[in-house]
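As structure tokens, the structure follows; a few thoughts come after it.
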Amino acid sequence: MMSLKMDLDKELKFAISLAREAGFLVQTIRAKGYKVYDKGKHLGLVTDADKAASQFLLNNLVTTFPADLVISEEEPPPLRSQSKERIWFVDPIDGTADFVAGSGEWSIMLGLSIHKKACLGVVYQPDTNELFYAIKNQGTFYITSKETFNLKVRAISHPSQAILIQSRRHWSTKADEIARKLGVSDVYKCGSLGLKFAKIAKGEADLYFNFSGHCHLWDLCGPEVILREAGGKLLFAGTNKLHYEAGETRVKYSFLAAADGLANEVYSMLTKEK
């Protein structure tokens, strides 16, 4: 029987190394001082550190994997005609507003899609030196400064036992209302979408809703693999799957992230609120 495992060890090792180096680069720029710009059109803030990290990640990925396409939040969007079998989605600083505010809740994110499906993910939190990674069908792992752990989502017997994770800076009243209907009282506040998914994978939270319509493929590609390989699920209102491809990167659908069974239980509430 053919193995379902993907041989992406080279890509994973390189992505982990790049994420760590990009994190150090950002911290170095932060220490020296940087400028902040508003991109407008609900696109949020960008800093000199975002741009430098983006160029660093892009240049290294293109050099090492010249046949792959690289799409970064801070670079001009590629044409759909440039679509390739393998695409790297890069968010040089996920949680720029938190970074600017002096919070440690920002991350470097890389995701690799193959045939439009998320297959590899790395989320690195430089200020705590915590790194999360996953490859399709090979599990999710968490690296601290001393150890590596295999992660699994938390098992709960009823939705009311769930811990809702919310954005620290973009509070969702719709998510609050759903939590109230479910009987959920515990709320975990966290910056960076990638870190939210990682917290669910780690069992520190259980449920996340996003109704913004402002997320992009680079926000989800890496984190989805990390969530899914830990036993979680990403579900969308209006579609049953997301294609990670060149062209339009904005994710227009509302979505939820949760442990597999919990996601299925509360999905109907997502579709009612979309």
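Everything in the sequence shown is counted per full-length UniProt numbering, starting at 1 for the first residue and increasing by one. Virtual Cβ for every residue (Gly too), placed ideally from N, Cα, C.
Helix, strand or coil for residue i per DSSP?
i	result
S3	Because the pLDDT at S3 is just 46, under 50, the model does not fix this residue reliably, and the point stays unresolved.
T140	strand
V266	helix
T239	coil
G194	helix
E130	strand
V153	coil
K272	helix
S43	The question names Ser, but residue 43 in the sequence shown is Leu. Looking at L43 - three-state DSSP - the assignment turns out to be coil, as it is neither helix nor strand.
F14	helix
F24	helix
W171	coil
F107	Reading off the sequence, residue 107 comes out as Ser, not Phe. DSSP places S107 in strand when its eight states are reduced to three.
Is it right to say residue i is buried, meaning 16 or more other beta carbons lie within 10 angstroms of its own, or is it exposed?
i	result
E248	exposed
T63	exposed
G183	exposed
N264	exposed
L227	buried
T47	buried
P76	exposed
S192	buried
Q27	exposed
D9	exposed
L43	exposed
S157	exposed
N240	exposed
What do you reckon, is the C-beta of residue i under 7 Å from a heavy atom of the ligand FAD?
i	result
N240	As for the ligand FAD, it is missing from this structure, which has no ligand bound.
Do residue j and residue i come within 8 Å of each other at the CB atom, strictly closer than that value?
i	j	result
V251	L220	yes
H216	K116	no
M269	I135	no
V100	L57	no
Q161	E229	no
P78	A246	yes
L25	A67	no
Quick one, which of the options has its alpha-carbon nearest residue i's?
i	options	result
residue 275	E130, S167, F24 and S103	What the structure shows of the chain is the stretch from 1 to 274, and residue 275 is not part of that stretch, so it cannot be assessed.
A257	A67, A237 and G44	A237
H214	E73, K146, K35 and L18	E73
Exercise for the section: Tell me, please, whether the stretch 125 to 143 touches the stretch 100 to 109 by the rule of three or more beta-carbon pairs shorter than 8 Å. Expected result: yes
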